[in-house]
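Below is one structure, written out as C-alpha cells; comments come after it.
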C-alpha cells in the first residue's frame, strides 16, 4: 500500500512540475497588459536592482501612444525633493520592455508637459522621439505635411532624381514598434516580484568619453540634415583624443568646419545621410592620413548587441542609424546617433548620444531588443 501511495505521489509531482514548466513557457508567449500600478512597481524594482535613484518618487506623467492611437507605454518621471532625477519609458504590455528607455535629461519631460498643456496626446515614434497630436489623424496630418515639405525642398535642390523621391514616398510612414515576447516576458516576471526579494546587482557597463557636439551650432551649413556628419565628427574627435592620426576639429579649426567637410565628403543631402554614404565617406575620411589602415562596415543591428558591446569594450564608438521602422522622425527622414556605451546590468541597453540635443552630459539608455530592428550600425576599427 505504501509503495502504491509513493508511486501516486511521485507521479503527481511530475505532473505538477510539468504543468508549471509548461505554464511558465506559455506565459512567455501570451501578451499581457501591464497596469499603471504594475508599471510603477516594475520601474521601482528595476531601479533597485541598479541601486539608482533610491528613495525617489515615481509618477506616471502620461500614457504614450503608437501611430494608430493604441497605448504602448507609460512616461514615468522620477523626482526627489521636487527635483527631477530622471525619466523612463515603460511598456504597457509584456511583449516589449519592461523599460524601453531611460535617462536623466529633463528636457524630454519639459517637452511632454508642453504637449499636454496644449491638450495633445503624446505619441512615441522612436528612440528619444515624442510627438504631440490631438489624435491619430492629426499625427498623420503632421506626417504628411512634413513629407510634402521634405519633397518640396528636395525637388528644389536636386532635380530629376525620381528614385530618391520614390524612396521618400515609400518610407515616410509610421510602422509598428518591434516586439520581443519571450525575453520581455521573462524580465517582466522578475521585475514584478515582491520588492523584498529584489537585490542590487553588480553593475556591468562601460561608457566612452565622447566629446559632444550639436548639429545646430553656429556655422553648420545644413543643420537640419547634419546629424550624420555631426555623429561622425564626435567619433573622429574621440579617435583623435586617443592618439589616432585622423583629421578632427583641431585640423579644420572649428566643429562647424569639420561637420561641413564631412557633409560634403559623405554626399549628404537635405534629407540626411544614408548608411552606405556614411560608411563609405567615413572610411575615406579616417584614411586621409593613414590610407588602408581603417576598416568600416555597416551591419544591421538586430541580434548584434554582442558585436556592439565588443566595439565599445575596444574603445571604438559606433554610429547608429535610427529610422528603418520608426518613421517619420522629428527632424528628417532618418536620424544618426552615437553609440557611446552599454549597460547590461538588468537587460541589454545601449548608451546613445543624440546630435540634435543640447551638448550637456545627460545620459540616455535604450533597450537593444526593443529598437534593434529599427537600427543600422556603422563599425570602425584601426588595422594595426
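In mature numbering (1 follows the signal peptide of the UniProt record, and there is no 0), the protein residues as written are -26 to -1, 1 to 358. Note that beta-carbon positions come from the ideal geometry of N, C-alpha and C, so glycine has one too.
Can you give me the C-alpha to C-alpha distance between residue i and residue j, rounded to a whole angstrom?
i           : j           : result
residue 272 : residue 185 : 23 Å
residue 217 : residue 260 : 13 Å
residue 243 : residue 100 : 22 Å
residue 319 : residue 176 : 7 Å
residue 297 : residue 249 : 11 Å
residue 37  : residue 96  : 7 Å
residue 238 : residue 262 : 15 Å
residue 28  : residue 6   : 28 Å
residue 52  : residue 337 : 14 Å
residue 76  : residue 109 : 25 Å
residue 312 : residue 118 : 28 Å
residue 10  : residue 160 : 19 Å
residue 355 : residue 15  : 42 Å
residue 359 : residue 205 : Since the first residue of the chain shown is -26 and the last is 358, residue 359 is not available in this structure.
residue 264 : residue 219 : 7 Å
residue 44  : residue 211 : 42 Å
residue -24 : residue 166 : Per-residue confidence for residue -24 stands at a pLDDT of 44, beneath the threshold of 50, marking its modelled position as unreliable; no derived number is given.
residue 104 : residue 41  : 11 Å
residue 21  : residue 267 : 43 Å
May I ask which residues mark the beginning and end of the alpha helix (DSSP H) holding residue i?
i           : result
residue 237 : 229 to 240
residue 314 : Careful: residue 314 lies outside any alpha helix (DSSP H), inside the beta strand (DSSP E) at 309 to 317.
residue 170 : Neither: residue 170 is in no alpha helix (DSSP H) and is coded neither H nor E.
residue 253 : 249 to 260
residue 17  : 10 to 24
residue 218 : Note, residue 218: premise wrong, no alpha helix (DSSP H); not H, not E.
Applying the 10 Å Cβ sphere with the 16-neighbour rule, what's the burial state of residue i?
i           : result
residue 189 : buried
residue 310 : buried
residue 358 : exposed
residue 61  : buried
residue 92  : exposed
residue 54  : exposed
residue 126 : exposed
residue 348 : buried
residue 13  : buried
residue 278 : buried
residue 234 : buried
residue 253 : buried
Just grab the DSSP bridge partners of residue i for me.
i           : result
residue 50  : 34, 62
residue 45  : 39
residue 73  : 64
residue 274 : 350
residue 123 : Answer is none; residue 123 lacks a bridge partner.
For the beta strand (DSSP E) containing residue i, list its first residue and its last residue.
i           : result
residue 327 : 323 to 327
residue 104 : 103 to 107
residue 339 : 338 to 341
residue 95  : 95 to 100
residue 180 : 179 to 181
residue 295 : 292 to 296
Would you say the beta carbon of residue i comes nearer than 7 Å to a heavy atom of the ligand GDP?
i           : result
residue 320 : This structure simply doesn't include the ligand GDP, nor any ligand for that matter.
Measuring alpha carbon to alpha carbon, tell me which of the options ends up nearest residue i.
i           : options            : result
residue 229 : 247, 203, 17       : 203
residue 69  : 324, 85, 47        : 47
residue 332 : 81, 8, 343, 71     : 81
residue 327 : 308, 247, 182, 251 : 182
residue 342 : 67, 241, 325, 352  : 325
residue 65  : 289, 340, 308, 59  : 340
residue 56  : 30, 266, 73        : 30
residue 317 : 351, 282, 329      : 282
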